[in-house]
Amino acid sequence: MSKKDKDATLCCEVTHSFMPVPLPPDDPRFKQRVENTFRLDPEASERFRCGHAKELVQARLTEALQGVQYDVEQARSLAVSIANNIRLDLEQLYLPRYKLVAHVLISERRDQGLAVGCRFLWDDAKDNFATATFENQTLVAVAAVFGTYCE
């Protein structure tokens, strides 16, 4: 091998060395890796509590609709607002791994019947729901909140 060939091979040899710098824990891009718990059931303290949820839903309905007259233009936005408030209140209870669905129906009171139904595919041991109603002279409101446990 000639000197020219040796120089050619030496100048073509490139090595890269890279050592990533670990992110500090306060960096927003830092994600701490956590081992899976492999828990399939919620702890007793983490279960969806119907009684507490029903009280909370009833309080939200009463607070939002006390003294309100039914208005067809306002009913939709009022129902959405109440449902969001109920869901946010229940999320603050910190039920890990629970997905919450809040449904509110507001109807004008005119001596008619009202039937509300919902169907879910869930596990009776882990998932649950709570309902509440509110009535005044001009409107009827039905609220339901569903908590489904996601493994």
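The numbering of the sequence shown is this note's numbering, which starts it at 431 and goes up by one. For every residue, glycine included, the Cβ atom is placed at its ideal position computed from N, Cα and C.
Proximity below 8 Å, CB of glycine 577 to CB of aspartate 553 | In this structure, glycine 577 lies away from aspartate 553, with their beta-carbon atoms at least 8 Å apart.
Nearest residue (CA-CA) to alanine 574, options Leu551, Arg479 and Ala513 = Ala513
Buried/exposed call for phenylalanine 478, threshold 16 Cβ in 10 Å = buried
So, helix, strand or coil for alanine 505, using DSSP?
-> helix
Arginine 469: buried (16+ other C-beta within 10 angstroms of its C-beta) or exposed?
-> Classification of arginine 469: exposed, given that the 10 Å Cβ count is below 16.
Host alpha helix (DSSP H) of glutamate 493 (start-end) | 480-495
Own chain residues within Cβ distance below 6 Å of valine 572, not counting five before or after | Leu535, Val546 and Thr563
If we cut at 8 Å on Cβ distances, does glutamine 496 have a partner in chain C?
-> No chain C appears in this structure, which consists of one protein chain only.
Determine the DSSP secondary structure at glutamate 538, reduced to helix, strand or coil.
-> strand
If you check the beta carbons only, do arginine 539 and glutamate 565 fall under 8 Å apart?
-> yes
Can you pull the DSSP bridge partners for glutamate 565?
-> Val570
Residues sharing a beta bridge with leucine 530, DSSP | Gly577
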